[in-house]
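Residue numbers for the sequence shown follow full-length UniProt numbering, beginning at 1 and rising by one. What follows is a set of notes on a single structure, which appears directly below.
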Amino acid sequence: MTTNDADDRRLLVSMSVGQTAYAVWAKQARRERFFNIARLLEASAAVKRVRAEQAMRRLGEVAQTLTNINRALAGLEPEAAATGPVTGTSAFQRELLERAARALADGRDLTYTELGDLFVCSTCGRLMEGDPPAFCPECGTVREGFLDFRIVDGMGTLGPHAIVRRLEQGLKTVQALVAGLSEEQLAMPVNGFPAFKDLIGHLTDMDIVFRERAWMILETNQPKLSSAHPPTLRSAVKYRTMPIDELIEQYTTSRQQTLGLLRGLTQAAWQRIGHHEIYGPVPLLHQGNWVVAHEQGHLIELAQMRHNMLYGHNRVIDIAQEILHP
């Protein structure tokens, strides 16, 4: 094995571990609602992935798909190698991470003025912030070859049709999840998590917040969107005493009003802008992705809670605990 091979094997291990670390940390940041910090960590994971891929190719570990499948079946076993630090290894990345550390010390996310759009060169892994250049200053890859981690996409990249479809599915899913459960079961916290009724009431609260924001964006010129946190799950305890039929009716009525507002909107309407203190100028599409992502996390939890109740399992659910207990 040549010196270059040894260096590439160390690089492959280092970058692979670094990618995993950044990706897991990004997921945790999203759970804690630090969405811009999550975007930074996701971009950092992409840097590591690109560099690991390049090292793997230089080592000759990437062949035709048939060969790759045979290697996968045989069990690819890279040599172990001491790597040294695997994160925060460039001066620019450390600068960005230090910005995040300062924001977290204040108990908040980075704002759009503190962290701009991020781009990663898909060829060499160079990380860039702000307006992207026409080509990578390190390897010459054109702008079209960059991976984007833009503020506007920080909540997701679903289009209008997919957003409406997900919100429609939410109605059917909630109704199916409560079927056959008693009022007592629905009002009982599960494994230290909130009760079914808490979560359904919370979904209604959040649907109302989203609809109000959507209406403001559609009816006024670049309105200011409050950065204050919408109603928390803790405040939804009050719904435990409400009959489930009434709670479902409230959720259904709110969701139908929201869908009535969104259906038939033009692409131009979805691109109308509201100004958010943390995320800056964001389109209605951004807020639509936000409410869908929020609801999907809670629907997964509701499904797991139902499974535990019906089948006697006591599995602790690790679905965004920080979202569930803000």
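In this text, a Cβ means the ideal position worked out from N, Cα and C, and glycines have one as well.
Excluding five sequence neighbours on each side, which residues of the same chain lie with their C-beta closer than 6 Å to the C-beta of VAL291? Exclusion of the five residues before and after VAL291 leaves PHE210 as the residues of its chain whose Cβ lies within less than 6 Å of its Cβ.
Among all the DSSP beta bridges, which residues are the ones paired with PHE92? None; PHE92 has no bridge partner.
Give the DSSP-derived three-state secondary structure of PHE34 in the structure shown. coil
Going by CA-CA distance only, name the one from HIS276, GLY288, LEU302 that's closest to THR111. HIS276
What distance in whole Å lies between the Cβ atoms of LEU115 and ASN36, which are believed to be in contact at a cut-off of 8 Å? 5 Å
Looking at LEU76 and ASP8, is the spacing between their C-beta atoms short of 7 Å? In this structure, the beta-carbon distance from ASP8 to LEU76 does not fall below 7 Å.
Which term fits ILE300, buried or exposed, when burial requires 16 or more other beta carbons within 10 angstroms of its beta carbon? exposed
If we call anything under 7 Å between Cβ atoms a contact, is ALA29 one with ALA38? yes
Buried or exposed: where does PHE92 fall if 16 or more other Cβ atoms within 10 Å of its Cβ makes it buried? exposed
Taking DSSP as the reference, what is the three-state secondary structure of GLY264? Assignment of GLY264 by DSSP, reduced to helix, strand and coil, places it in the coil class.
First through last residue of the beta strand (DSSP E) which encompasses PRO281: 280 to 283
Can you say whether PRO326 is buried or exposed, counting buried as having 16 or more other CB atoms within 10 angstroms of its CB? Since pLDDT at PRO326 reaches only 34, below the 50 mark, its modelled position is unreliable, and the value read off the structure follows with that caveat. PRO326 is exposed by the Cβ-count criterion.
Rounded to a whole number of angstroms, what is the C-alpha to C-alpha distance between LEU302 and LYS27? 20 Å
Beta strand (DSSP E) segments (min. 3 residues) lying fully within the UniProt domain "DinB-like" (167 to 300): 273 to 276, 280 to 283
From what residue to what residue does the alpha helix (DSSP H) around LEU147 run? Counting along the chain, LEU147 falls outside any alpha helix (DSSP H), though it belongs to the beta strand (DSSP E) covering 146 to 149.
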